[in-house]
Each structure stands twice: as C-alpha cells, then as structure tokens.
Amino acid sequence: MNLPTPPPETDVPEFDLAAFCADPLVRGAAQAKIMILRGPIYAEDAAWASLLRYRGEVVRFLAEVGARLVLNEHDGYAFADQAPEGESGAEWPKLFYRDRFNFDVTCVLLVLREWLLKRESIPSDEHTPLVEDDLVAELRRFSKKTNANAEKEDARWRIAINRAKDYGLLKKIPGDERSYVVRPIVRAKLSLEILQELKTTLERHVTGEQAGGESLASSNDETTTPGETREPGTASNNQETTQP
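The sequence shown begins at 1198 in my numbering and counts up one residue at a time.
Here you go:
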C-alpha cells in the first residue's frame, strides 16, 4: 500500500521560543499548568489563585493532550484527568496511567469516604479532625481473621494511612502529628454508587471468599478501585463536573 507523502516542513515558520515565553498570558498560566500535571492543586496552594485566573488557558493546554481539568471550587481542589471515553481526544495516547491502590490503602479510602458520608448532614462537623488512632481502630475490621499480632497489624495500617496522605487523601494538622483533615477529593475518588460494592469486595478479601472458591491474594496486592491514582497526583474516574 502506498502511503501518502507528508507535506514538506520547509514552510513551517521558525518557532520563537523567547517571544512565546515572554507572552504575559503564557507566563501567567505557566505555574498552574505545571502544578496541575504534578498532581492535585488545593485551595491553600500557591498555584490555586493562578489556576482560577487562567482556567481557560489550563483547559486548552490539557485538551491539546487529551486531558480534562476537574475543578471543584466549593471543596477547593482540582486535578487533571484523562478525557472520558466517548469524548473528543479520548482515543489519543494516554497521558495519565493510573497506579492502583494496594489493598490496605483501598481500605483507608473506604473508611475515609464513610467518615465523610457520616458528616455530610452536619456541614460544621465535616472539618472535624480525624485522629489517627480512631482511623486505625476503624481499619482493624479489615485485618485477617487470624491470631495476627495486633501491634504489627496496627503498624501496617499506620503505613497505609501515611501512604494515603502521600496520595493527597489526608492532610496532617500542623502541630498535631496524630490528627488529619480528610480531603474532600476523597468524594471524587470513591462515589456513593459503588461504595457498598467496594465494601463487600474488601470484606470478601478479608474472609478469603471469592467466586469459585479461590482465596484472594495478600494485602500487598493491588485492588481495582474507582479513581485509581497516578503518583504523586490524582487522575481519577470521578463524578465531579469536568471543565468543558
């Protein structure tokens, strides 16, 4: 098969990098563009004001590579995500490859979503700090039903909690190393529609139940969860409104 010959590039004008970088719009939006590629941007971050001011530029920048801006001004977070299936650009090579949470971090995600759900009816209670010991206590129900060493199990959950913090699901409270603020982005990571389904899956993992009688793998194995993230940021199949 004879393929068409691409047009010569001799007529392409030389790109003036210096002039491009000197453009006030380009310079102004640069911080937000760079930071959104690194991971989520939160309302308290220095790049937040830049993101809101140059939102249109960021949206166009991401659209050029088949990505979308997910922005929730009310809850104060934003992140870049791959274009959903069926949208223009979704067929392009993927920019964001999702790293799956392991079982332990998935359990933390589930408990955090439940914690937020309980407090959604009381807005003033939503920002109540979550004490690490209380979170560990909630996570113990996902420990194997064996005579496992309790101290080792708690240490395991604290490692998972720290990992969840690295993913941006939790934020430590300054001056209190054992208390956290639960990030509202947890809602985008785990929708209510599949909360119960995930809970059932995790409980079966704990008891070793699985269709066909096979035992599930160890807690270090990756678990498919909604809104799996890339490190160090978040690229999720979320339910928030994406910017057009």
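In this text, a Cβ means the ideal position worked out from N, Cα and C, and glycines have one as well.
| Query | Result |
| --- | --- |
| Since F1276 sits in a beta bridge, which residues does DSSP pair it with? | V1267 |
| Distance, Cα to Cα, G1286 vs C1218? | 26 Å |
| In whole angstroms, what separates the C-alpha of K1230 from that of W1245? | 11 Å |
| Hey, out of D1351, R1384, K1349, whose CA is closest to G1365's CA? | R1384 |
| Here's the rule: buried if 16 or more other CB atoms are within 10 angstroms of the residue's CB, otherwise exposed. What is E1288? | exposed |
| Along the chain, where does the alpha helix (DSSP H) containing R1257 start, and where does it finish? | 1252-1260 |
| Using only CA atoms, which one of E1284, V1302, S1388 lies nearest to D1363? | V1302 |
| With distances taken from CA atoms, which of Y1239, G1225, L1234, K1368 is nearest P1326? | K1368 |
| In three-state terms, what does DSSP make of K1369? | strand |
| What span of residues does the alpha helix (DSSP H) with W1354 cover, start to end? | 1347-1363 |
| Considering only DSSP beta bridges, list what I1238 is partnered with. | A1275 |
| Applying the 10 Å Cβ sphere with the 16-neighbour rule, what's the burial state of P1237? | buried |
| What do you reckon, are the CB atoms on L1314 and V1379 nearer than 8 Å? | no |
| Residues bridged to S1376 by DSSP? | V1328 |
| Going by Cα to Cα distance, which pick from N1269, E1270, A1243, I1233 is closest to E1254? | I1233 |
| Going by C-alpha distance, which of C1304, E1317, D1351 is nearest A1361? | C1304 |
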